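Taking my numbering, the leading residue of the sequence shown gets 124, the next gets one more, and so forth.
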Amino acid sequence: MKKIFSRSTLLFLAAIAVFYFGKKIYMMPKYDDGEMAPAFSGPMPDGSTFQLSDLKGYYVLVDFWGSWCFPCKAESPHIIDLYQKFNGRKFKDARGFEVVGVAIDKDENRWKRAIGKWGLPWKYQVIDLNSNFKFFDAKIAGAFGVKEVPTKFLINPEGRIVGVNQSAEEIATYLSNHLE
124 MKKIFSRSTL LFLAAIAVFY FGKKIYMMPK YDDGEMAPAF SGPMPDGSTF
174 QLSDLKGYYV LVDFWGSWCF PCKAESPHII DLYQKFNGRK FKDARGFEVV
224 GVAIDKDENR WKRAIGKWGL PWKYQVIDLN SNFKFFDAKI AGAFGVKEVP
274 TKFLINPEGR IVGVNQSAEE IATYLSNHLE
């Protein structure tokens with residue numbers, strides 16, 4: 124009886140481990156360091172259209188978030204700090220640093236209110252309209268393989284991804300190493 128119990132327990136624990144790690148792998152964005160970032164465009168709060176290609180030559184942090192996302196709200200002060208520290212600085216190999224917020228949302232008014240309420244200072248805010256919160260159905264998130272928020276991509280001046288879901292400290296260290 125004891126042998127059956129321990130075998131059952133072992134199988135149960137193995138199933139949990141497979142599920143946990145399988146989910147972790149599934150939730151990872153499809154792009155990785157060194158790959159070219161997918162080109163995208165999207166509407167901004169003022170009605171104009173943003174295009175990632177307009178920021179070629181800059182370091183760009185693409186931050187996928189949602190107005191409904193509590194972890195995104197908790198992370199926003201760290202992104203604001205990065206923006207304030209590096210926007211307007213001179214880099215050895217880039218014209219500057221910009222943050223592009225991509226909100227996966229189904230309510231445009233809620234998105235606009237969150238930008239103001241959270242105090243997001245960067246000018247490049249894009250909405251990736253989505254009616255059902257299935258991230259792979261949102262056009263921009265789908266192009267990047269985003270399956271959860273917050274998700275961040277650091278893109279170099281050539282348009283290559285140089286960091287995926289790095290901490291604010293890791294991003295700051297990377298950018299600091301490229302300052303003049």
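Beta carbons are placed, not taken as given, at the ideal position from N, Cα and C, and that holds for glycine. Nothing here was measured: the structure is a model prediction, and the numbers come from that model.
| request: Decide yes or no for the touch test of the segment 265-272 against the segment 288-296: beta carbon pairs closer than 8 angstroms, at least 3 of them. | output: no
| In three-state DSSP terms, what is Phe164? | By one-based count along the sequence shown, residue 164 stands at place 41. As written in the sequence, residue 164 is Ser, which differs from the Phe given in the question. Three-state result, Ser164: strand.
| field | Closest residue to Phe187 among Leu178, Asn279, Glu281, Ile227 (Cα-Cα distance) | value | Looking up residue 187 in the sequence shown gives position 64. It is Ile227 whose Cα lies nearest to the Cα of Phe187.
| Integer Cβ distance of Val222 from Trp245, believed to fall under 8 angstroms | Counted from its first residue, the sequence shown places residue 222 at position 99. Counted from its first residue, the sequence shown places residue 245 at position 122. Separation of the CB atoms of Val222 and Trp245 is rounded to 4 angstroms, and the pair is thereby assigned contact status at 8 angstroms.
| field | Which of helix, strand or coil DSSP assigns to Glu292 | value | Position 169 of the sequence shown, counted from the first residue, corresponds to residue 292. Helix at Glu292.
| task | Report the residue ranges of all beta strand (DSSP E) runs contained in full by the segment 167-238; include only those spanning at least 3 residues, in chain order. | result | 172-174, 182-188, 220-228
| message | Considering only the alpha carbon of each residue, which of Val249, Trp241, Ala261 lies closest to Ala197? | response | The residue you call residue 197 lines up with position 74 of the sequence shown. The shortest C-alpha separation from Ala197 is found at Trp241.
| request: For Gly219, collect the residues of the same chain with a Cβ closer than 6 angstroms to its Cβ; drop the 5 residues on either side in sequence, then sort them by chain order. | output: Position 96 of the sequence shown, counting from 1, holds the residue named residue 219. These residues qualify, in order along the chain: Tyr181.
| query | From this set, Pro161, Gly189, Ile203, which residue's C-alpha is nearest Leu243's C-alpha? | reply | For this step, residue 243 is matched to residue 120 along the sequence shown. Of the listed residues, the one whose Cα sits closest to Leu243 is Ile203.
| query | Secondary structure at Gly286, three-state DSSP: helix, strand or coil? | reply | For the purposes of this step, residue 286 is taken as the residue at position 163 of the sequence shown. DSSP places Gly286 in strand when its eight states are reduced to three.
| query | What's the call for Asn279, buried or exposed, on a 16-neighbour Cβ count within 10 Å? | reply | The sequence position of residue 279 within the sequence shown is 156, counting from 1. Taking a 10 Å sphere around the C-beta of Asn279, we find 16 or more other C-beta atoms and assign the residue as buried.
| Chain-order list of residues whose beta-carbon lies under 6 angstroms from that of Trp191 (same chain, five-residue window excluded) | On the sequence shown, residue 191 is found 68 positions in, with the first residue counted as 1. If we look at Trp191 and ignore the five residues flanking it on each side, it has no Cβ neighbours.
| query | Roughly how many angstroms separate the alpha carbons of Arg212 and Ile263, rounded to a whole number? | reply | One-based indexing of the sequence shown puts residue 212 at position 89. One-based indexing of the sequence shown puts residue 263 at position 140. In a straight line, the C-alpha of Arg212 is about 28 angstroms away from that of Ile263.
| task | Label Gly189 either buried or exposed according to how many other C-beta atoms from any shown protein chain fall within 10 Å of its C-beta, with 16 as the threshold for buried. | result | Position 66 of the sequence shown, counted from the first residue, corresponds to residue 189. That one is buried.
| Which residues in the same chain as Leu298 place their Cβ atom closer than 7 angstroms to its Cβ, once the five residues preceding and following it in sequence are excluded? | To locate residue 298, count along the sequence shown from 1; it is residue 175. Result list for Leu298: Tyr182, Phe209, Phe220, in chain order.
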